[in-house]
């Protein structure tokens, strides 16, 4: 049993690491672009209105 419990703990740790990495990638690729576009819209709202 002891020799079989080690790979299971390693697998669970790997799954947890993968979940955190996926969350970090999701945060970087979705939240940060949204913040950047929001900042850009807040910095120059008059230019956007003139273009439209």
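In the working numbering, the protein residues as written are 1 to 52.
By construction, the Cβ of each residue, glycine as well, lies at the ideal position given by its N, Cα and C atoms.
Given the structure is predicted, the values throughout are model-derived calculations rather than measurements.
Secondary structure at residue 39: helix, using DSSP grouped into helix, strand and coil.
In this structure, the alpha-carbon of residue 33 lies about 22 Å from that of residue 18. If you draw a straight line from the Cα of residue 31 to the Cα of residue 15, it comes to about 23 Å.
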